[in-house]
Amino acid sequence: MIKGDELRQDKKLTLKTLVNGGTGTGKTYYAMTHPKFVYLGTEPNGLDTAKSNPALLNNLVWAEEFIPSPTEDIKATFERLEVALLKAHEEAKQGKVETLILDNISYLSENRWMYINKYEKAMSQNGSVDTRGMYGTLGRWLYQFTLTRLLSFPGNVVVSCHEQVEGDEAMEKKVDKSTNVVPAILGGFREKVDGMFSASIYLEKKRLAENKYQYLARCQKGNQRLAKNRYGLPEIVENVSYQRIIECIKQANKVA
Numbered sequence: 010m011i012k013g014d015e016l017r018q019d020k021k022l023t024l025k026t027l028v029n030g031g032t033g034t035g036k037t038y039y040a041m042t043h044p045k046f047v048y049l050g051t052e053p054n055g056l057d058t059a060k061s062n063p064a065l066l067n068n069l070v071w072a073e074e075f076i077p078s079p080t081e082d083i084k085a086t087f088e089r090l091e092v093a094l095l096k097a098h099e100e101a102k103q104g105k106v107e108t109l110i111l112d113n114i115s116y117l118s119e120n121r122w123m124y125i126n127k128y129e130k131a132m133s134q135n136g137s138v139d140t141r142g143m144y145g146t147l148g149r150w151l152y153q154f155t156l157t158r159l160l161s162f163p164g165n166v167v168v169s170c171h172e173q174v175e176g177d178e179a180m181e182k183k184v185d186k187s188t189n190v191v192p193a194i195l196g197g198f199r200e201k202v203d204g205m206f207s208a209s210i211y212l213e214k215k216r217l218a219e220n221k222y223q224y225l226a227r228c229q230k231g232n233q234r235l236a237k238n239r240y241g242l243p244e245i246v247e248n249v250s251y252q253r254i255i256e257c258i259k260q261a262n263k264v265a
């Protein structure tokens, strides 16, 4: 049980954010503006963002990458991920870590599909591969992983995700047909994932002049995207970063 007095006394806000966007919109950069982060990468070369930005590198506690390769069985890759997550949770309780970054869940879903095809392949009664059943397995695993490994983390959580345009068949099944840009996650879990986070935002990159850009975050529904947040953030946050988001939350709630 969480008592109201406990919530009123707890002044430290932790952000649970799903960060969606196309390639080059600043998802990894935004994630790395968070304090004392652990970086778990499924995206090849994601750490280059920190290496080329000393200010971001200063926020890094430790990092590990989980990229399928011919020298490591996919099962071992996921076993390493479990070990790394446990370490991150333990160090957060010790105050060594404040933020958990998973970069990104789009590739994680594809990698888990590889695992399922090798270790959890389902067959129908007629002897054919039960692809539908395997997609069900994938969706249940992604839900369980997101809930118990990521969102249970006692600190900030940032999960990056590519975006995709939903297909016509999937759009026909939707009640709300005003949003056709969705998280790029393999299988049906993409329809549930944004509801699990306190903020599901979409990043955009706006060209201002030659070699000069502005990075924006859509935090409310619009522009074909089902963005949302529980923090009182405005529709658009300019020059998005962890500190900028915190400033907007304080302003919205009139906190000095």
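In this text, residue positions in the sequence shown follow this note's numbering: the first is 10, and each later residue adds one.
Beta carbons are placed, not taken as given, at the ideal position from N, Cα and C, and that holds for glycine.
Values in this document were obtained by computation on a predicted structure and should not be read as measured data.
C-beta contact flag for residue i and residue j at 8 Å
{"i": "Gly164", "j": "Leu212", "result": "no"}
{"i": "Thr42", "j": "Ala208", "result": "no"}
{"i": "Ala97", "j": "Phe162", "result": "yes"}
{"i": "Tyr124", "j": "Phe87", "result": "yes"}
{"i": "Ile258", "j": "Leu242", "result": "yes"}
{"i": "Glu247", "j": "Gly231", "result": "no"}
{"i": "Leu225", "j": "Lys237", "result": "no"}
Interface flag, residue i vs chain B, CB-CB below 8 Å
{"i": "Thr146", "result": "Absent from the structure is chain B; it holds one protein chain and no more."}
Limits of the unbroken beta strand (DSSP E) element including residue i
{"i": "Ile76", "result": "Looking at the DSSP string, Ile76 is not in any beta strand (DSSP E), and its letter there is neither H nor E."}
{"i": "Ser115", "result": "Not the beta strand (DSSP E): Ser115 falls in the alpha helix (DSSP H), residues Ile114 to Tyr128."}
{"i": "Ala208", "result": "Ala208 to Ala218"}
Top-ranked residue by Cα proximity to residue i, from the options
{"i": "Asn68", "options": "Lys105, Gly33 and Ala85", "result": "Lys105"}
{"i": "Leu151", "options": "Arg216, Gly176, Gly196 and Lys214", "result": "Gly196"}
{"i": "Val83", "options": "Val202, Leu56 and Asn120", "result": "Residue 83 is actually Ile in this sequence, not Val. Nearest of Val202, Leu56 and Asn120 to Ile83, Cα basis: Asn120."}
{"i": "Asn113", "options": "Val166, Glu100, Met132 and Lys130", "result": "Val166"}
{"i": "Thr157", "options": "Met205, Lys102 and Lys130", "result": "Met205"}
{"i": "Thr32", "options": "Glu219, His171 and Gly231", "result": "His171"}
{"i": "Ser115", "options": "Gly30, Lys215 and Tyr240", "result": "Gly30"}
{"i": "Gly176", "options": "Val168, Val190 and Pro44", "result": "Val190"}
{"i": "Ala267", "options": "Met132, Val138, Arg141 and Pro44", "result": "Lying outside 10 to 265, the shown extent of the chain, residue 267 is not represented and no answer is given."}
{"i": "Lys201", "options": "Tyr251, Gly148, Tyr240 and Leu111", "result": "Gly148"}
{"i": "Lys21", "options": "Val138, Glu107 and Pro53", "result": "Glu107"}
{"i": "Asn262", "options": "Arg239, Thr140 and Ser250", "result": "Arg239"}
Continuous alpha helix (DSSP H) stretch holding residue i: start and end
{"i": "Val202", "result": "Val202 to Met205"}
{"i": "Phe162", "result": "Looking at the DSSP string, Phe162 is not in any alpha helix (DSSP H), and its letter there is neither H nor E."}
{"i": "Leu94", "result": "Ile83 to Lys102"}
{"i": "Tyr38", "result": "Lys36 to Met41"}
{"i": "Leu66", "result": "Pro63 to Leu66"}
Strand pairing of residue i, partner residues [DSSP]
{"i": "Met143", "result": "DSSP lists no partner for Met143."}
{"i": "Cys170", "result": "Asn29"}
{"i": "Ile245", "result": "Arg227"}
{"i": "Gly176", "result": "In DSSP, Gly176 forms no bridge with anything."}
{"i": "Pro192", "result": "Glu172"}
{"i": "Val138", "result": "Met132"}
CB-CB length for residue i against residue j, believed under 8 Å
{"i": "Leu49", "j": "Leu24", "result": "So it is not a contact: roughly 17 Å between Cβ atoms."}
{"i": "Leu117", "j": "Thr188", "result": "So it is not a contact: roughly 23 Å between Cβ atoms."}
{"i": "Arg199", "j": "Ile210", "result": "Not quite, the Cβ-Cβ distance comes to about 16 Å (not below 8 Å), so this is no contact."}
{"i": "Val47", "j": "Trp71", "result": "6 Å"}
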